[in-house]
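Asks: One structure coming up, written as structure tokens, with questions to follow.
Residue numbers (this note's numbering): 10 to 231.
Given below as structure tokens:
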């Protein structure tokens, strides 16, 4: 088998293959404000952190089938501000409800009954129940064809639920956080198990290999 040449696949098959291969993915539940001040909320799994200096996140935005912008895309184009909420286990169901195709102008946040809190550096409110909320401002948008756009946003401020961050060393308590990840189709994953692997210097690696401990251990032995 010589692999899959993506230009020979339909967009739907490319989507299925890419989403099944690149897993798990973090989920961004993004709030924006529409022109009338209603709070829009939509989940995105084409999302990740991009840089810490400057602090940047990247979102994959898309248009509707008729090529008109979806609510989040249109709102960010207009105001340049948004809030990314990370999704934990308690927020999973509400996140999925935010993916419902509510009519334009109807607030998912109001319909679902999600409480909000004011942000500090942007005018877009944040969701009170979220474990982490990242206040963001658009840095650059790159269009790739008529229906896809890469948005890079600067993270201005991070709000954290009490007990999730050890402020002395800025470590996140993963057991208390309990984020979920996106797989493909309607599948998601828990992040309840983890394992550690130390990053060695070249001298440490060389010494271990010369001592006969091999170039690495199988995952089952870690």
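C-beta atoms are modelled at their ideal positions from N, C-alpha and C, and glycine is treated no differently.
1) Of all the options 211, 190, 82, 206, which has the alpha carbon lying nearest to the alpha carbon of residue 149?
2) Does the region 81–98 come within contact of the region 139–148, defined as at least 3 CB pairs closer than 8 Å?
3) Which word fits residue 189, buried or exposed, when buried means at least 16 other C-beta atoms lie within 10 angstroms of its C-beta?
4) Comparing alpha-carbon positions, which option in 67, 60, 42, 63 lies nearest residue 53?
5) Pick out the complete alpha helix (DSSP H) segments inside the region 11–94, 4 residues or longer, and give them in chain order.
6) Please classify residue 134: is it buried, with 16 or more other beta-carbons within 10 angstroms of its beta-carbon, or exposed?
7) What does a CB cutoff of less than 6 Å around residue 28 pick up in its chain, not counting 5 residues either side in sequence?
8) Within the region 139–224, note down every full beta strand (DSSP E) run reaching 3 residues or more, in order along the chain.
9) Give the DSSP bridge partners of residue 136, in chain order.
10) Whole angstroms are fine: how far does the CA of residue 44 sit from the CA of residue 69?
11) At which residues does the alpha helix (DSSP H) containing residue 106 begin and terminate?
12) Mind checking who residue 97 pairs with in its DSSP beta bridge?
13) Any contact between the region 154–165 and the region 58–66? By contact I mean 3 or more CB pairs, one from each, below 8 Å.
14) Apply the 10 Å Cβ neighbour rule to residue 180 and answer buried if 16 or more other Cβ atoms are within range, or exposed otherwise.
15) So the candidates are 222, 140, 121; which of them puts its Cα closest to the Cα of residue 171?
Replies: In terms of the structure at hand:
1) 82
2) yes
3) buried
4) 67
5) 20–30, 80–88
6) buried
7) 193
8) 141–152, 157–169, 189–191, 197–199
9) 125
10) 22 Å
11) 101–106
12) 188
13) yes
14) exposed
15) 140
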